[in-house]
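One structure is given here, and the rest of the page talks about it.
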Amino acid sequence: MDDAAKKTALRMIPYGIYVLTAKGADGTLYAATVNWVTQTAFAPPLVVVGVKAESGAYHGLKESGAFTLNMLGKGQQGAAFAFFKPADVTDGKISGEPYHDGANGAPILQSAVAAVECKVVEIVAQGDHHVVVGQVTEAHVHKQPEGRPDMAILEMKDLGDNVFYGG
């Protein structure tokens, strides 16, 4: 396979930017910027997320069986970059972002434009990122979008010309 062609072709897939949060059994909070996300079913409402298998966020969701997918909106590049590294919990904030616990225990970022709380229904353990299937159990819209909801989401291309994932 031509590695350069593979990388270019796979980078043509558009990605939204989200922050996945989870709470471990011992109460440790985990958060990570994720972008391999899609809805896969209406009934029940299911989403899938690709999560790095060696990350704290993966450990937290696997241990608790729950996570929250926080949708970042246009202009929230700072939040996206903040969660590229392990979460820092200080003064009621995760990596500088205020939060509150969701019904499933996973943190909901107050600045996120929307969030869905999920229970883990299956994990497909293949490759360096595992596919987590989550059933949406609660949904929150913090800022009603103007126009199409999918136009309100922060996208990978909004993070700058040198930020890529995939390939």
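Numbering (our numbering), first residue to last: 4 to 170.
Note that the Cβ used here is the ideal one computed from N, Cα and C, for glycine as well.
The beta strand (DSSP E) enclosing Y61, as first and last residue numbers = Position 58 of the sequence shown, counted from the first residue, corresponds to residue 61. Careful: Y61 lies outside any beta strand (DSSP E), inside the alpha helix (DSSP H) at 59-67.
Please work out which residues of its chain come closer than 7 angstroms, Cβ to Cβ, to G68, disregarding the five sequence neighbours upstream and downstream, and give them in chain order.
-> Counted from its first residue, the sequence shown places residue 68 at position 65. For G68, same chain residues with a beta-carbon under 7 angstroms away, outside a window of 5 residues either side, are K122, V123 in chain order.
Would you identify the three-state DSSP class for D161, choosing helix, strand or coil?
-> Here residue 161 is taken as the residue at index 158 of the sequence shown, counted from 1. Reduced to three states, the DSSP call for D161 is helix.
Can you tell me which of the three DSSP states P17 falls into?
-> For this step, residue 17 is matched to residue 14 along the sequence shown. If DSSP states are grouped into helix, strand and coil, P17 belongs with coil.
6 angstroms Cβ shell around T71 - same chain, five flanking residues per side excluded = Looking up residue 71 in the sequence shown gives position 68. Answer for T71: T24, G105, A109, I111, A118, E120, listed in chain order.
List the whole-angstrom C-beta distance separating G27 from W39, where the pair is believed to meet the contact cut-off of C-beta under 8 angstroms.
-> Looking up residue 27 in the sequence shown gives position 24. Looking up residue 39 in the sequence shown gives position 36. About 22 angstroms; that fails the 8 angstroms criterion.
Beta-carbon proximity list for S98, same chain, < 7 angstroms, skipping 5 on both sides = For this step, residue 98 is matched to residue 95 along the sequence shown. The residues are A34, A85, F86, A90, D91.
How many whole angstroms separate the CB atoms of V116 and H145, which I take to be in contact at a CB cut-off of 8 angstroms?
-> On the sequence shown, position 113 is the one that residue 116 refers to. On the sequence shown, position 142 is the one that residue 145 refers to. Yes, they are in contact, since the Cβ atoms of V116 and H145 sit about 6 angstroms apart, within 8 angstroms.
Output yes or no for whether 8 angstroms exceeds the beta carbon distance between P47 and Q138.
-> As a first step, residue 47 must be located in the sequence shown, where it is residue number 44. As a first step, residue 138 must be located in the sequence shown, where it is residue number 135. Yes, Cβ-Cβ distance for P47 and Q138 is below 8 angstroms.
Please report the residue range of the alpha helix (DSSP H) in which F129 lies.
-> On the sequence shown, position 126 is the one that residue 129 refers to. What sits at residue 129 in the sequence shown is Gln, not Phe. Taken as a continuous stretch (DSSP letters only), Q129 belongs to no alpha helix (DSSP H), as it is neither H nor E.
Mind checking who G53 pairs with in its DSSP beta bridge?
-> Within the sequence shown, residue 53 is the residue found at index 50, counting from 1. According to DSSP, G53 bridges with V134.
With DSSP collapsed to three states, give me the class of T24.
-> Numbered from 1 along the sequence shown, position 21 holds the residue referred to as residue 24. T24 sits in a strand when the DSSP states are folded into three classes.
Where Q79 falls: helix, strand or coil (DSSP) | In the sequence shown, residue 79 corresponds to position 76, counting from 1. Taken through DSSP and simplified to helix, strand or coil, Q79 comes out as coil.
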